[in-house]
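Engineer: Numbering of the sequence shown is given in the numbering used here, commencing with residue 1 and proceeding in unit increments.
To start, I am sharing the structure in question, which I have written as C-alpha cells.
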Amino acid sequence: MEYFLFISFFALFAIGTISNHRDRVTLYYFFVLVVALLAGLRGNQDEYSSFYFIIPSFENLSLADFKDKEPFFTLIISLFQYLSFPAQSIYLFFSSVAVIVNGYFFKKFTPFYYIAFLIYLSHTITIKEMSGLRLGYASALLLPMIYFIQKKNYFKFFIIYSLSAMVQYVGLLSIFLIFLNRTIRPKLLLIGLVIAIAINYLDIVKLSISYFASIGLMPAIIGDYVNSEYHSYNTGLIFHLKTLQQILTILFMIIFFESYKNIVSTKTKYYNLLFNAYYFGTILIILFSSLAIFAFRFSAHFMSVEPIIITYAIWIFSDKKIPKLFLIFSALIIGFINYIILVRIDNYFFLLK
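Right under this line is the structure:
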C-alpha cells in the first residue's frame, strides 16, 4: 500500500505540470533522489545479501572467486568488503545508481519527464531495481549508451557498455545498439514482427537451444535453465499482458510511423534509436517466450526506454492535455494492479536484517 500511496502523491505533481508550464526540475530531481535512497535502503534478503558475505575482501581476492558472478560485480563487492562497508552498500550502489541514471536520462530524452518517471514507478521499477539488482543497473546504463551513440562518442559508449556487461551478462546485448542506429522501413518492421511470431509458434528457438545444449555447444548454465520447469516455462506470448502491451505499442508506432516519426523527430533526435531498442527488446520477448527466464531478462534490459517512448505519443495530438492525463491515470491503474492486486513487491522494510 505504501508504494502506491507514494506513486499517487508523485502523480499529483505530474498532473500539476499539465496546467503549470514552469520547469520544476529541482523538485523532480528531489523525487528521483528520494526513490533512489528508498530503493537502496530497502531490506532485501535475497541471494545478493548472502553473496556479499561469501566474497572475500579485496586483498584476498583470487581468480576462483570470479566464477559465480560477473567480474565487475564481484570486484565491487570485494572492494566494499575491504572498506568495511555493510552489505546494504551493494543495494545503495547498484539500485540507487540505476534509479538516478533512469531519472537523469528521462529528463534529457523527453520534456514529459514527470510522466515518464511515473510510468517507471508504476511498473518498470518493480521488475528491475526493486527485485533484480544487477538487471536494473545494467538496463539503466542502456540510456547513457544510447546518448553517447547519438553523440558519436563510441569511446564513452564502450566504457559504459563494459560496466554494464561486467555486472550482468545480459548487458552484452547492448552492442546491437550500434547496428540499430538507423531508420528501418515500416514494412520491414512489420515483417520482422510476423517472422518473430512465426518462429515462436514453431518453437524453433527452444528446440535449437536444447539441441546445442545436448551436444555440449552451450554453457552448462543455459542447459540447466532449458531443463528447468521453474525457469523455462512458456509465457504464453499474446496471453501474457506485458508481451501483448509491447506488441500493441510497437504496432501503434509502426502504423503511424511516417507521421509519428516526422512529428517526433522535429522534437527530439533520440527517437529513432530509442524506438529501435524497444522494438528489438519486443522481438526478443517474442522469440524467447517459451523460455521465460531469457524472455524476461532480455526484454527487461531494453525496457528502460519504454517510459520515454510512451511519452512521445503525446506529441502527435493537437490537444496535449488529454493524452497527458490519460497516461497519468493509466500509470496509476497499472501501479494499483502491480502494488495492490498482484503485490509484486513485499511490504517495505528499512535496511537488511
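The C-beta atom is built at its ideal place from N, Cα and C for all residues, glycine as well.
No experiment lies behind these values; they were computed from the predicted model shown.
Note down the Cα distance separating Val-167 from Phe-294, rounded to an integer number of angstroms.
Structural biologist: The residue labelled residue 167 in the question sits at position 167 within the sequence shown. The residue labelled residue 294 in the question sits at position 294 within the sequence shown. If I take the Cα positions, the gap works out to 17 Å.
Engineer: What is the DSSP secondary structure of Phe-350, reduced to helix, strand or coil?
Structural biologist: Position 350 of the sequence shown holds residue 350. Three-state result, Phe-350: strand.
Engineer: Counting along the chain, where does the alpha helix (DSSP H) carrying Ser-330 start and finish?
Structural biologist: Stepping through the sequence shown from its first residue, residue 330 is reached at position 330. Looking at the DSSP string, the run of the alpha helix (DSSP H) that includes Ser-330 is 321-336.
Engineer: Span of the alpha helix (DSSP H) holding Phe-317?
Structural biologist: Within the sequence shown, residue 317 is the residue found at index 317, counting from 1. Run containing Phe-317: none; DSSP gives neither H nor E here.
Engineer: From Asn-262, Tyr-29 and Arg-297, pick the residue whose C-alpha is nearest to that of Leu-284; which is it?
Structural biologist: Here residue 284 refers to the residue found at position 284 of the sequence shown. When each option's Cα is compared against that of Leu-284, the closest is Arg-297.
Engineer: Can you grab the Cα-Cα spacing for the pair Lys-320 / Ile-286, in whole Å?
Structural biologist: Your numbering for residue 320 matches position 320 in the sequence shown. Your numbering for residue 286 matches position 286 in the sequence shown. Going by the C-alpha atoms only, they are around 32 Å apart.
Engineer: Report the residue from Phe-336, Ser-299 and Leu-342 whose alpha carbon sits nearest the alpha carbon of Leu-121.
Structural biologist: Residue mapping note: residue 121 aligns to position 121 of the sequence shown, counting from 1. Nearest C-alpha to Leu-121: Phe-336.
Engineer: Quick one, which of Asn-153, Ser-289 and Ser-49 has its alpha-carbon nearest Val-205's?
Structural biologist: Residue mapping note: residue 205 aligns to position 205 of the sequence shown, counting from 1. That would be Ser-289, whose Cα lies nearest to the Cα of Val-205.
Engineer: Below 6 Å CB to CB, which residues in the same chain sit around Ala-116 once its five sequence neighbours on both sides are set aside?
Structural biologist: Translated into the one-based positions of the sequence shown, residue 116 becomes position 116. Contacts found: Phe-106, Thr-110, Pro-307, Ile-308 and Thr-311.
Engineer: Look up Arg-42 in the DSSP assignment and say whether it is helix, strand or coil.
Structural biologist: Residue numbering aside, residue 42 sits at position 42 when the sequence shown is read from its first letter. Three-state DSSP puts Arg-42 in a strand.
Engineer: Of all the options Phe-112, Tyr-147, Leu-5 and Arg-42, which has the alpha carbon lying nearest to the alpha carbon of Val-25?
Structural biologist: The sequence position of residue 25 within the sequence shown is 25, counting from 1. It is Phe-112 whose Cα lies nearest to the Cα of Val-25.
Engineer: Indicate the three-state DSSP secondary structure (helix, strand or coil) for Asn-355 in the structure shown.
Structural biologist: Since the first residue shown for the chain is 1 and the last is 353, residue 355 is missing from the structure and cannot be characterised.
Engineer: Would you identify the three-state DSSP class for Pro-111, choosing helix, strand or coil?
Structural biologist: Here residue 111 refers to the residue found at position 111 of the sequence shown. Correct three-state label for Pro-111: coil.
Engineer: Are the CB atoms of Asn-44 and Ile-184 nearer to each other than 8 Å?
Structural biologist: Walking along the sequence shown from the start, residue 44 turns up at place 44. Walking along the sequence shown from the start, residue 184 turns up at place 184. Not in contact: Asn-44 and Ile-184 (Cβ atoms no closer than 8 Å).
Engineer: Do the stretch 164-179 and the stretch 128-142 touch if we need at least three Cβ pairs shorter than 8 Å?
Structural biologist: Result yes; three or more Cβ-Cβ pairs closer than 8 Å.
Engineer: Is Ile-215 helix, strand or coil when you go by DSSP?
Structural biologist: The sequence position of residue 215 within the sequence shown is 215, counting from 1. Of the three classes helix, strand and coil, the one that applies to Ile-215 here is coil, per DSSP.
Engineer: Should Ala-87 and Ser-49 be called a contact, given that it needs their Cβ atoms to be closer than 8 Å?
Structural biologist: In the sequence shown, counting from the first residue as 1, residue 87 sits at position 87. In the sequence shown, counting from the first residue as 1, residue 49 sits at position 49. Yes. Within cutoff.
Engineer: Report the CB separation of Phe-302 from Gly-281 in whole angstroms; it is logged as a contact under 8 Å.
Structural biologist: Indexing the sequence shown from 1 puts residue 302 at position 302. Indexing the sequence shown from 1 puts residue 281 at position 281. Contact flag correct, Cβ pair sits at about 3 Å.
Engineer: Between Pro-71 and chain D, is there a C-beta pair that is closer than 8 Å?
Structural biologist: Among the protein chains of the structure shown there is no chain D, as only one such chain exists.
Engineer: Hey, quick one: how far does the alpha helix (DSSP H) through Tyr-372 stretch, first residue to last?
Structural biologist: The first residue shown for the chain is 1 and the last is 353, placing residue 372 beyond what the model contains.
Engineer: Taking the alpha carbon of Lys-267 as the point to measure from, which residue in Ser-95, Lys-108, Leu-38 and Ala-11 has its own alpha carbon closest?
Structural biologist: Along the sequence shown, read from residue 1 onward, the residue named residue 267 stands at position 267. Considering only alpha carbons, the answer is Lys-108.
Engineer: Please confirm whether Phe-13 and Tyr-114 have their CB atoms less than 8 Å apart.
Structural biologist: Reading the sequence shown from its first residue, position 13 is the one you call residue 13. Reading the sequence shown from its first residue, position 114 is the one you call residue 114. Cβ atoms of Phe-13 and Tyr-114: closer than 8 Å.
Engineer: Distance, Cα to Cα, Leu-273 vs Ser-78?
Structural biologist: As a working note, residue 273 is residue 273 in the sequence shown. As a working note, residue 78 is residue 78 in the sequence shown. For Leu-273 and Ser-78, the distance between alpha carbons rounds to 36 Å.
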